[in-house]
Amino acid sequence: MSDPGSPGEESAAVTMVEIKARENGPYRVEGPIRLVDADGNEYDLGDRGEVIALCRCGGSTTKPFCDGTHSKKGFEAAERAVAEEHTGE
Numbered sequence: 001m002s003d004p005g006s007p008g009e010e011s012a013a014v015t016m017v018e019i020k021a022r023e024n025g026p027y028r029v030e031g032p033i034r035l036v037d038a039d040g041n042e043y044d045l046g047d048r049g050e051v052i053a054l055c056r057c058g059g060s061t062t063k064p065f066c067d068g069t070h071s072k073k074g075f076e077a078a079e080r081a082v083a084e085e086h087t088g089e
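Counting along the sequence shown from 1, when you hit position 54 you're at 54 in the working numbering, and nothing is skipped either side.
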């Protein structure tokens with residue numbers, strides 16, 4: 001019998017979740033997730049399945065989910081993934 005804490009067991013149980021920052025749009029989350037609020041209450045993802053869009057413009061009326069408001073208000077995201085700069089210290 002294998003140890004449930006062994007690396008082989010852990011990797012077999014892990015399912016990948018991808019979070020993609022859409023250009024000037026929401027975070028697109030794909031994969032099996034549980035979404036909870038600050039008090040620990042779980043959101044009902046209903047028919048959204050394993051793909052959801054989370055607001056990052058701040059204007060959605062269905063927060064934390066995106067409702068498309070970013071396109072109406074001209075939201076422009078400032079974030080880009082960049083390589084970490086090493087100072088050589």
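Backbone N, C-alpha and C define an ideal beta-carbon position, used for all residues, glycine too.
Note that the structure is a prediction, hence the values are computed from the model and not measured.
What first and last residue would you give for the beta strand (DSSP E) that runs through residue i?
i, result
"LYS20", "18-21"
"ILE52", "51-54"
Mapping DSSP to helix, strand and coil, what is residue i?
i, result
"ALA81", "coil"
With burial defined as no fewer than 16 other Cβ atoms inside 10 Å of the residue's Cβ, what is the status of residue i: buried or exposed?
i, result
"ILE19", "exposed"
"ARG34", "exposed"
"PRO97", "In the structure as shown, the chain starts at 1 and stops at 89, and residue 97 therefore has no counterpart that could be examined."
"ALA38", "exposed"
In terms of residues, what are the limits of the alpha helix (DSSP H) holding residue i?
i, result
"LYS73", "69-73"
For residue i, list the residues DSSP reports as bridge partners.
i, result
"ARG34", "DSSP, once it has assigned bridges, lists no residue as partnering ARG34."
"TYR27", "ALA21 and LEU54"
"GLU76", "Answer by DSSP bridge pairing: none, since GLU76 is not bridged."
Check the Cβ-Cβ distances between residue i and every residue of chain D, and say whether any is below 8 Å.
i, result
"ALA53", "In the structure shown, chain D cannot be found, because there is only a single protein chain."
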